[in-house]
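K.L.:
Structural data, given as structure tokens:
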């Protein structure tokens, strides 16, 4: 599994990444990489902190380094942007991982190419739980030190399935809610031009899915858990679900 996340302005991504780490720890999946897909430099630091909590610093991480979303504190209607909890996790010495910002991370497309090249054919599933910037860019990559295949052919050889979460919001570059999206607009149309042998699954229940997850992390994780800290520090909860009831599971 590869998780491609926009972790930062919501905690459904935290639940997803922590769940993926738990499944990896239990031997139920092989988590190859977790990559971040907006320009917020702190996003991959949050990913690294989650992996680190589970003892998985060896899992490859990568960051998209474009302009879209590069202001971690900009968000629609003046809310506190993508940095809802990232700084609190990264600045805590008991929680931070070895990567604290995108300055310390490899490009997400390089992370993709590295792990895909090493994987058996038709063995990799991708959970796209954020913007489509990385997958668009991956399709356009050229042969390199990781593989003699270009991006399209590498995906065709190695990827079995891509699951796209919360489609319309993510495909629309967060509706511009995290800043100017000039280098994001059109990414969905490009990213969807996948090889025909790759199964594409769309989870389009983007509004009030009424499935809540993460409550156990809020109540049972230790105090040094960045998963718990993010759930605690996140700003809001819709539909009157406050306290320790978890978070709507778009992702």
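Numbering (the numbering used here), first residue to last: 21 to 271.
Beta carbons are placed, not taken as given, at the ideal position from N, Cα and C, and that holds for glycine.
Can you give me the C-alpha to C-alpha distance between residue 259 and residue 28, rounded to a whole angstrom?
P.N.:
Low local confidence applies: a pLDDT of 48 at residue 259 is under 50, so the model's placement there is unreliable, with the coordinate-based value given in what follows. Residue 259 and residue 28: Cα-Cα distance of roughly 21 Å.
K.L.:
For residue 104, count neighbouring Cβ atoms within 10 angstroms of its own Cβ and tell me buried if that reaches 16, exposed if not.
P.N.:
Residue 104 comes out buried.
K.L.:
Looking at residue 66: is its Cβ nearer than 8 Å to the Cβ of residue 31?
P.N.:
Their beta carbons are not under 8 Å apart, which means residue 66 does not touch residue 31 by this criterion.
K.L.:
When the Cα atoms are used, what is the spatial distance from residue 201 to residue 244?
P.N.:
Cα-Cα distance, rounded: 35 Å.
K.L.:
Mind checking residue 136: buried by the 16 CB within 10 Å criterion, or exposed?
P.N.:
The residue in question, residue 136, is buried, as its Cβ has 16 or more Cβ neighbours within 10 Å.
K.L.:
Suppose you measure from the CA of residue 143 to the CA of residue 179; what does that come to, to the nearest Å?
P.N.:
Roughly 6 Å between the two C-alpha positions.
K.L.:
What residue range does the alpha helix (DSSP H) around residue 251 cover?
P.N.:
Element bounds for residue 251: 246 to 253.
K.L.:
Measuring straight from C-alpha to C-alpha, what distance separates residue 267 and residue 169?
P.N.:
Their backbone Cα atoms lie some 40 Å apart in a straight line.
K.L.:
Return helix, strand or coil for residue 173, following the three-state DSSP convention.
P.N.:
Residue state, collapsed to three classes: helix.
K.L.:
Under the three-state reduction of DSSP, which class applies to residue 95: helix, strand or coil?
P.N.:
Reduced to three states, the DSSP call for residue 95 is coil.
K.L.:
Kindly list the residues whose CB is nearer than 8 Å to the CB of residue 163, restricted to its own chain and excluding five residues on each side of it in sequence; keep chain order.
P.N.:
Only 169 and 170 meet the Cβ criterion.
K.L.:
My output table needs one value for residue 191: the three-state DSSP class, helix, strand or coil.
P.N.:
Correct three-state label for residue 191: helix.
K.L.:
Is the beta carbon of residue 254 less than 8 Å from the beta carbon of residue 186?
P.N.:
No, Cβ-Cβ distance for residue 254 and residue 186 is not below 8 Å.
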